[in-house]
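**Q**
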Amino acid sequence: MKGSTVAMKKDLHKVHEYIYKKYVEPTSAGVEGLDDEQALGALEERHSTNPLESNKEVYLYGILLFEMAFEQPERKLDYLARAKVILERYRQVSGDTEWDVVEDRLFDINKTLQEEGLLTKVEAAGDLLLDPAQSVATMVEVQRKFSAIPGEMVLVPEGSFKQGETGEEKFLPAFLIDKYPVTNARYEEFLKQAGYRKPKYWDDARFNQPEQPVVGISLMDAIKFARWAGSELPTEEQYEKAARGTDGRTYPWGSAIEKDSADYGQDPESGAARPVGSFPKNLSFYGAYDLAGTVWEWTNTSHPAEENAKIIRGGSWCDPARYLKTYEKLFASVREKSDNLGFRLVKNHP
């Protein structure tokens, strides 16, 4: 086994050298005995069992896919999408956002995907596209079906997902979930029709713009709204699956967070949640926005040790990035009415 490991490392070194000499420094002498297909096969085999962060030369994998995309028109979009995920992972791991070899290719990839109307869909699919068996066309069709639900809800199909930090498999039946957190505009309809009391921050100009998420909502306030709307609060498992998809991603959009990924890290004394949908990257695979950041959201799952407390999920506009991970949770008293706590609803899927 040790000998085969050494051989694999030597083979990969040769593959990396081949790509570097052909596409990074093309004036240097080439490497005989390899072609693009062989190099790609070796890299796909390597990364089928090893994370992309496991070596410093991962950018070469992305560069090879980028170059092959323009040699194989039938695979162009698939290769570009995978190259985008890989090159952005390299940027995140290395911290290097200035190297033209990577940045120029990422620019061309994003431009091409934008022209094809696929950029946001590819960003939503994220690490799922690293599987060579997947295709952009398949992903887009799946996302289209998941998103084509009337009433601003999206479908989360039945099946298993990786739950919690340990990634335990959990099966859930299909359900619908709100595409966005409940907004002030939507909550106002409830106030007018049901004659219910105003939320705590309703008259505060920091928090009462129509497309901001409604905040200052206790658990009972959220339940009353849900009954009026013919829906219910999600369980914490439903919330996590809607945010996480089936690939165990750390954030709804993928594996790493940047400042423009979501609404978080604001000053709690002067900031406020931005209007829902303000961060295009903050999109889950199923088509729901703002499942990380913006506002913490009530779930209908009781805390196992705290009486009269429910699990809340998602992190908020004034929290650090660590709370935006798809498996993170806190709990809140059922009477809590915070300026960073809101909710969204779910329905059973027929």
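The sequence shown: position 169 = 578 (the numbering used here), numbered continuously. All C-beta atoms, glycine included, are put in the ideal place defined by N, C-alpha and C.
(1) By DSSP's criteria, F580 is part of a beta bridge. Which residues make up the other side?
(2) For L581 and D612, I'd like the C-alpha separation in whole angstroms.
(3) Measuring CA to CA, which of K756, G702 and H758 is closest to K738?
(4) Cα-Cα, which of G639, T655, E453 and E434 is closest to T735?
(5) So L700 and A665 are in contact, right, with Cβ under 8 angstroms, and what is the actual spacing, rounded?
(6) Suppose only complete runs of 4+ residues qualify. What are the alpha helix (DSSP H) ranges in the region 699 to 739, listed by chain order?
(7) Could you check if H422 is buried or exposed, using at least 16 other CB atoms within 10 Å of its CB as the buried criterion?
(8) Please confirm whether A625 and K520 have their CB atoms less than 7 angstroms apart.
(9) Please identify the residue among L750, R500, M629 and N717 whose C-alpha is closest to the C-alpha of V742.
(10) For the alpha helix (DSSP H) that V467 lies in, which residues bound it at each end?
(11) From which residue to which residue does the beta strand (DSSP E) around V502 run?
(12) Just how far apart, CA to CA, sit E646 and H712?
(13) Throw me the rounded Cβ distance for the F361 and D748 pair, which I believe falls under 8 angstroms.
(14) Across which residues does DSSP place K756 in a beta bridge pair?
(15) Helix, strand or coil: which one does DSSP assign to L443?
(16) Is G663 helix, strand or coil when you go by DSSP?
(17) For F570, count neighbouring Cβ atoms within 10 angstroms of its own Cβ and tell me buried if that reaches 16, exposed if not.
(18) For the putative contact between A448 and L489, defined by C-beta atoms under 8 angstroms, what is the C-beta separation to the nearest angstrom?
(19) What is the DSSP secondary structure of G639, reduced to helix, strand or coil?
(20) Can you give me the Cβ contacts of T644 inside the same chain, cut-off strictly under 7 angstroms, excluding the 5 residues immediately before and after it?
(21) On the premise that W637 lies in contact with A594, defined as a C-beta separation below 8 angstroms, what is that separation, rounded to the nearest angstrom?
(22) Hey, how far is the Cα of P394 from the Cα of S457?
(23) Just how far apart, CA to CA, sit D587 and P689?
(24) Evaluate contact between the region 673 to 686 and the region 723 to 734, counting only Cβ atoms and requiring at least three cross-stretch pairs below 8 angstroms.
(25) Counting along the chain, where does the alpha helix (DSSP H) carrying K668 start and finish?
(26) Report the CB separation of D672 from S693 in whole angstroms; it is logged as a contact under 8 angstroms.
(27) Would you kindly work out how many angstroms separate the C-alpha atoms of K650 and G696, rounded to a whole number?
(28) Compute the Euclidean distance between the alpha carbons of T592 and K668, then round it to the nearest angstrom.
(29) Just to check my reading of the structure: I518 and F475 have Cβ atoms closer than 8 angstroms, yes? What is that Cβ distance to the nearest angstrom?
**A** Quick answer:
(1) Checking the DSSP bridge columns, you'll see F580 partnered with S569.
(2) 39 angstroms
(3) G702
(4) T735 has its Cα closest to that of T655, out of G639, T655, E453 and E434.
(5) L700 to A665, Cβ: 16 angstroms. No contact.
(6) none
(7) exposed
(8) Reading off the sequence shown, one finds Gly at residue 625, where the question assumed Ala. Taking 7 angstroms as the Cβ cut-off, G625 and K520 do not qualify as a contacting pair.
(9) This sequence places Ser at residue 742; Val is not what is there. S742 has its Cα closest to that of N717, out of L750, R500, M629 and N717.
(10) V467 to A478
(11) V502 -> not in any beta strand (DSSP E); alpha helix (DSSP H) instead, spanning K485 to S503.
(12) 13 angstroms
(13) Coverage of the chain is limited to positions 410 through 759, which leaves residue 361 absent and any answer about it impossible.
(14) L585
(15) coil
(16) strand
(17) buried
(18) So it is not a contact: roughly 17 angstroms between Cβ atoms.
(19) coil
(20) T708, N709 and T710
(21) That pair is no contact at about 15 angstroms.
(22) Nothing about residue 394 can be reported from this structure: the residues present for the chain run from 410 to 759 only.
(23) 16 angstroms
(24) yes
(25) Premise fails: K668 is in no alpha helix (DSSP H) and is neither H nor E.
(26) Their Cβ separation, rounded to whole angstroms, is 15 angstroms, which puts D672 and S693 out of contact at 8 angstroms.
(27) 12 angstroms
(28) If I take the Cα positions, the gap works out to 23 angstroms.
(29) Correct: roughly 7 angstroms between the Cβ atoms.
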